[in-house]
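Novice: Residue numbers for the sequence shown follow UniProt numbering, so the first one is 1 and each next one is one higher.
Dropping the structure in here first, questions after.
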Amino acid sequence: MNALYPETIPTAYRAAAGVTDLPSRRFDTVIMGLGTYRPALDSGITSPYAHLRQYVVSSSLKPDTDPAVTVVPSDPLTLVRGLKGEVDASRDIWLCGGGRLAGTLLPEIDELLIKTYPVVAGTGIPVVDGAFDPTVFDVAERTAFPNGATLTRLARR
């Protein structure tokens, strides 16, 4: 499914996926919380999406973790608003994982790409964590795959 947006494949796996030289179709920036960034960091990978501008929202991560990664200690909403307002903002911003971060950034989320799989696993991370605040999205597109997985694109109403 990541073949739809090859830039969402981590740098370490791009060659194996055959997308090393594919240009970004949609995203040029990735924002993630420490919980999403931590598995790469624990594996010794400090720049998991080296082909994108990378931001990690964390009040505890050292700002010099990697020169290609900008650590944002607070106020991710201001960060996203600033990125969206850049004059040369030709591509979208990808929020990679993190229900708590998604809850904080909900006022700026224009679209959701939701991957679903035909498996029920039990507990997990909320898609959007935070106070009850209904935000209406419309189904803009849905793609079904032979393995039963789907990719649904929801656009803010």
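Each residue gets a CB set at the ideal place from its N, CA and C atoms; glycine is no exception.
All values reported here derive from a predicted model rather than from experimental measurement.
Assess contact between the stretch 91 to 103 and the stretch 31 to 41, defined as three or more Cβ pairs (one per stretch) separated by less than 8 Å. Is contact present?
Specialist: Contact holds: three or more Cβ-Cβ distances are below 8 Å.
Novice: Give the DSSP bridge partners of Ile93, in chain order.
Specialist: Thr29
Novice: Measuring CA to CA, which of Pro63, Asp75, Lys115 and Ser24 is closest to Val127?
Specialist: In terms of Cα proximity to Val127, the closest of Pro63, Asp75, Lys115 and Ser24 is Lys115.
Novice: Contact check, Val80 vs Leu105 under 8 Å by CB: the rounded distance?
Specialist: The distance from the Cβ of Val80 to that of Leu105 is about 6 Å, consistent with a contact at the 8 Å cut-off.
Novice: Take Asn2 and list the residues in its own chain whose beta-carbon comes closer than 6 Å to its own, dropping the five residues that flank it on each side.
Specialist: At Asn2 the pLDDT is 49, less than 50, meaning the model places this residue with poor confidence; the figure from the coordinates comes in the next sentence. Closer than 6 Å at Cβ, skipping near neighbours: Thr8 and Ile9.
Novice: Using the three-state DSSP reduction, which class does Lys84 fall into: helix, strand or coil?
Specialist: helix
Novice: CB-CB under 7 Å to Val19, same chain, minus the five flanking residues each way: which ones, in chain order?
Specialist: Pro6 and Ile9
Novice: Where does the unbroken alpha helix (DSSP H) through Ala40 begin, and where does it stop?
Specialist: Residues Leu34 to Asp42.
Novice: When the Cα of Leu112 is compared with those of Asp129, Val69 and Leu151, which residue comes out closest?
Specialist: Leu151
Novice: Rounded to a whole number of angstroms, what is the C-alpha to C-alpha distance between Pro118 and Phe145?
Specialist: 11 Å
Novice: Kindly list the residues whose CB is nearer than 8 Å to the CB of Ala12, restricted to its own chain and excluding five residues on each side of it in sequence; keep chain order.
Specialist: Ile45 and Pro48
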